[in-house]
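Have a look at the structure below before the remarks.
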Amino acid sequence: HRMHTVWYTAPSGDDLPNPTAEQMVVFMRQDYDGNWGPYSPVGVLCWHEHPKQKVPTRAGLGTDTERQQLLFVRHPKRGWYFEFSTSNLPTERWLVPLDPAADRDKYLKHWAYGEQLHFLAGCFVPQTVAERVVTEFLATREPPDAVAWVPFEGVQPRLAPDDYRERRRQARGGT
36 HRMHTVWYTA PSGDDLPNPT AEQMVVFMRQ DYDGNWGPYS PVGVLCWHEH
86 PKQKVPTRAG LGTDTERQQL LFVRHPKRGW YFEFSTSNLP TERWLVPLDP
136 AADRDKYLKH WAYGEQLHFL AGCFVPQTVA ERVVTEFLAT REPPDAVAWV
186 PFEGVQPRLA PDDYRERRRQ ARGGT
(Lines of atoms letter the chains of each structure in order from A; the text may use other names.)
(Lines give C-alpha, C1' and ligand atoms only; values in the text may rest on other atoms or scores of the structure.)
Protein backbone atom coordinates (compact mmCIF):
# COMPACT_ATOMS: atom_id res chain seq x y z
CA HIS A 36 0.00 0.00 0.00
CA ARG A 37 1.37 3.37 -1.03
CA MET A 38 0.52 6.81 0.28
CA HIS A 39 1.14 10.38 -0.82
CA THR A 40 2.58 13.04 1.45
CA VAL A 41 3.42 16.62 0.54
CA TRP A 42 6.34 18.16 2.42
CA TYR A 43 6.97 21.89 2.71
CA THR A 44 10.59 22.91 3.20
CA ALA A 45 10.77 26.49 4.49
CA PRO A 46 13.63 28.94 3.79
CA SER A 47 14.93 28.07 7.28
CA GLY A 48 15.30 24.43 6.19
CA ASP A 49 12.49 23.29 8.51
CA ASP A 50 10.18 20.62 7.08
CA LEU A 51 6.41 20.41 7.58
CA PRO A 52 4.32 17.44 6.39
CA ASN A 53 0.96 18.00 4.69
CA PRO A 54 0.62 21.77 5.16
CA THR A 55 -2.86 23.17 4.53
CA ALA A 56 -3.54 25.84 1.91
CA GLU A 57 -4.27 28.27 4.76
CA GLN A 58 -0.91 27.53 6.43
CA MET A 59 0.92 28.08 3.15
CA VAL A 60 -0.76 31.46 2.57
CA VAL A 61 0.27 32.52 6.09
CA PHE A 62 3.88 31.47 5.37
CA MET A 63 3.86 33.32 2.03
CA ARG A 64 2.63 36.51 3.69
CA GLN A 65 5.40 36.55 6.30
CA ASP A 66 7.79 39.50 6.21
CA TYR A 67 10.46 39.38 3.55
CA ASP A 68 13.33 40.19 5.90
CA GLY A 69 12.10 37.81 8.57
CA ASN A 70 11.25 34.52 6.92
CA TRP A 71 12.04 35.02 3.24
CA GLY A 72 15.14 37.03 2.81
CA PRO A 73 17.55 37.93 1.77
CA TYR A 74 20.04 35.13 1.15
CA SER A 75 17.84 32.12 0.51
CA PRO A 76 14.21 33.19 0.05
CA VAL A 77 13.29 29.75 -1.26
CA GLY A 78 10.41 27.46 -0.32
CA VAL A 79 9.67 24.02 -1.76
CA LEU A 80 6.55 21.87 -1.80
CA CYS A 81 7.24 18.30 -2.86
CA TRP A 82 4.80 15.41 -3.20
CA HIS A 83 6.20 11.98 -2.33
CA GLU A 84 4.74 8.55 -3.05
CA HIS A 85 5.93 6.08 -0.46
CA PRO A 86 5.10 3.10 1.76
CA LYS A 87 2.48 3.76 4.43
CA GLN A 88 3.59 5.64 7.56
CA LYS A 89 1.65 6.02 10.81
CA VAL A 90 3.28 9.39 11.46
CA PRO A 91 4.71 11.41 8.55
CA THR A 92 8.49 11.26 8.60
CA ARG A 93 11.21 12.14 6.09
CA ALA A 94 12.88 8.77 6.86
CA GLY A 95 13.01 6.71 3.68
CA LEU A 96 11.94 9.66 1.50
CA GLY A 97 14.31 11.04 -1.08
CA THR A 98 14.81 11.46 -4.80
CA ASP A 99 13.27 8.02 -5.48
CA THR A 100 9.97 8.93 -3.80
CA GLU A 101 9.61 12.45 -5.30
CA ARG A 102 6.77 12.98 -7.77
CA GLN A 103 5.72 16.64 -8.21
CA GLN A 104 7.64 19.63 -6.89
CA LEU A 105 6.89 23.34 -6.73
CA LEU A 106 9.86 25.54 -5.92
CA PHE A 107 9.25 29.21 -5.19
CA VAL A 108 11.51 32.21 -4.65
CA ARG A 109 10.32 35.49 -3.20
CA HIS A 110 11.58 38.83 -4.43
CA PRO A 111 10.81 41.86 -2.21
CA LYS A 112 9.50 43.97 -5.13
CA ARG A 113 8.74 41.69 -8.09
CA GLY A 114 6.73 39.00 -6.32
CA TRP A 115 7.28 35.27 -6.76
CA TYR A 116 9.27 33.05 -9.12
CA PHE A 117 8.14 29.41 -9.52
CA GLU A 118 9.46 26.18 -10.98
CA PHE A 119 7.17 23.16 -11.35
CA SER A 120 8.87 19.84 -11.99
CA THR A 121 8.14 16.14 -11.93
CA SER A 122 10.38 13.19 -11.27
CA ASN A 123 9.88 9.44 -11.36
CA LEU A 124 6.73 9.89 -13.46
CA PRO A 125 6.16 8.66 -17.04
CA THR A 126 6.32 12.24 -18.33
CA GLU A 127 9.01 14.47 -16.89
CA ARG A 128 8.09 18.15 -16.91
CA TRP A 129 10.02 21.24 -15.84
CA LEU A 130 7.98 24.43 -16.21
CA VAL A 131 8.06 28.11 -15.23
CA PRO A 132 5.41 30.83 -15.44
CA LEU A 133 6.08 33.40 -18.14
CA ASP A 134 4.07 36.47 -19.06
CA PRO A 135 3.62 36.05 -22.85
CA ALA A 136 4.19 39.80 -23.34
CA ALA A 137 7.37 39.90 -21.23
CA ASP A 138 10.79 40.99 -22.43
CA ARG A 139 12.89 37.82 -22.70
CA ASP A 140 16.15 39.67 -22.07
CA LYS A 141 15.39 41.46 -18.80
CA TYR A 142 16.91 39.68 -15.78
CA LEU A 143 16.92 40.51 -12.08
CA LYS A 144 19.88 39.71 -9.86
CA HIS A 145 18.57 38.03 -6.70
CA TRP A 146 19.87 35.79 -3.94
CA ALA A 147 18.80 32.15 -3.78
CA TYR A 148 20.58 29.17 -2.29
CA GLY A 149 23.28 31.43 -0.89
CA GLU A 150 24.40 32.91 -4.22
CA GLN A 151 23.29 35.69 -6.51
CA LEU A 152 21.42 34.27 -9.48
CA HIS A 153 19.77 36.01 -12.42
CA PHE A 154 16.02 35.45 -12.85
CA LEU A 155 14.01 36.35 -15.95
CA ALA A 156 11.83 39.28 -14.86
CA GLY A 157 8.83 38.05 -16.88
CA CYS A 158 8.66 34.88 -14.77
CA PHE A 159 7.67 36.68 -11.56
CA VAL A 160 4.02 36.79 -10.51
CA PRO A 161 2.26 39.01 -7.93
CA GLN A 162 1.35 37.85 -4.41
CA THR A 163 -2.35 37.11 -5.11
CA VAL A 164 -1.51 34.97 -8.14
CA ALA A 165 1.33 33.25 -6.26
CA GLU A 166 -1.04 32.26 -3.46
CA ARG A 167 -3.37 30.68 -6.03
CA VAL A 168 -0.47 28.79 -7.63
CA VAL A 169 0.55 27.30 -4.26
CA THR A 170 -2.96 26.45 -3.03
CA GLU A 171 -4.00 24.88 -6.36
CA PHE A 172 -0.76 22.86 -6.51
CA LEU A 173 -1.55 21.47 -3.05
CA ALA A 174 -5.01 20.44 -4.26
CA THR A 175 -4.12 19.04 -7.70
CA ARG A 176 -0.34 18.30 -7.78
CA GLU A 177 -0.39 19.96 -11.21
CA PRO A 178 0.94 23.29 -12.54
CA PRO A 179 -2.01 25.59 -11.73
CA ASP A 180 -3.72 27.46 -14.56
CA ALA A 181 -3.49 30.74 -12.62
CA VAL A 182 -0.46 31.45 -14.85
CA ALA A 183 0.83 30.55 -18.32
CA TRP A 184 3.54 27.87 -17.99
CA VAL A 185 6.40 27.30 -20.45
CA PRO A 186 9.20 24.68 -20.57
CA PHE A 187 12.23 25.75 -18.51
CA GLU A 188 14.72 24.84 -21.26
CA GLY A 189 13.07 27.15 -23.78
CA VAL A 190 13.48 30.39 -21.86
CA GLN A 191 16.54 30.23 -19.56
CA PRO A 192 14.53 31.65 -16.64
CA ARG A 193 17.30 31.24 -14.07
CA LEU A 194 21.00 31.71 -14.75
CA ALA A 195 24.10 31.31 -12.59
CA PRO A 196 26.43 34.34 -12.67
CA ASP A 197 28.81 32.78 -15.24
CA ASP A 198 25.94 31.80 -17.56
CA TYR A 199 24.45 35.29 -17.26
CA ARG A 200 27.78 36.94 -18.15
CA GLU A 201 28.13 34.63 -21.17
CA ARG A 202 24.59 35.47 -22.31
CA ARG A 203 25.33 39.21 -22.03
CA ARG A 204 28.59 38.80 -23.96
CA GLN A 205 26.83 36.93 -26.79
CA ALA A 206 24.04 39.54 -26.87
CA ARG A 207 26.68 42.23 -27.45
CA GLY A 208 27.94 40.30 -30.44
CA GLY A 209 30.97 38.76 -28.74
CA THR A 210 32.30 35.36 -29.72
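Going by our numbering, the first residue of the sequence shown is number 36, and it counts up by one from there.
Even for Gly, the Cβ is constructed at its ideal location relative to N, Cα and C.
Are residue i and residue j touching if we call contact CB-CB under 8 Å?
i: residue 50; j: residue 93; result: yes
i: residue 78; j: residue 56; result: no
i: residue 43; j: residue 54; result: yes
i: residue 172; j: residue 106; result: no
i: residue 167; j: residue 178; result: no
i: residue 109; j: residue 76; result: yes
i: residue 133; j: residue 183; result: yes
i: residue 160; j: residue 95; result: no
i: residue 91; j: residue 40; result: yes
i: residue 141; j: residue 151; result: no
Rounded to the nearest angstrom, what separates residue i and residue j at their Cα positions?
i: residue 154; j: residue 131; result: 11 Å
i: residue 200; j: residue 88; result: 47 Å
i: residue 119; j: residue 125; result: 16 Å
i: residue 100; j: residue 208; result: 45 Å
i: residue 69; j: residue 81; result: 23 Å
i: residue 175; j: residue 203; result: 38 Å
i: residue 139; j: residue 188; result: 13 Å
i: residue 98; j: residue 169; result: 21 Å
i: residue 61; j: residue 83; result: 23 Å
i: residue 47; j: residue 147; result: 12 Å
i: residue 72; j: residue 191; result: 23 Å
i: residue 127; j: residue 121; result: 5 Å
i: residue 112; j: residue 181; result: 20 Å
i: residue 52; j: residue 206; result: 45 Å
Any idea if residue i is buried or exposed, counting beta-carbon neighbours within 10 angstroms, 16 or more meaning buried?
i: residue 196; result: exposed
i: residue 149; result: exposed
i: residue 157; result: buried
i: residue 129; result: exposed
i: residue 74; result: exposed
i: residue 163; result: exposed
i: residue 193; result: buried
i: residue 63; result: buried
i: residue 17; result: Past the edges of the chain, shown from 36 to 210, lies residue 17, and the structure says nothing about it.
Under the three-state reduction of DSSP, which class applies to residue i: helix, strand or coil?
i: residue 131; result: strand
i: residue 159; result: coil
i: residue 152; result: strand
i: residue 100; result: coil
i: residue 48; result: coil
i: residue 60; result: helix
i: residue 78; result: strand
i: residue 185; result: strand
Which residue or residues does DSSP assign as beta-bridge partners of residue i?
i: residue 118; result: 106
i: residue 197; result: Answer is none; residue 197 lacks a bridge partner.
i: residue 39; result: 84
i: residue 147; result: 150
i: residue 142; result: 155
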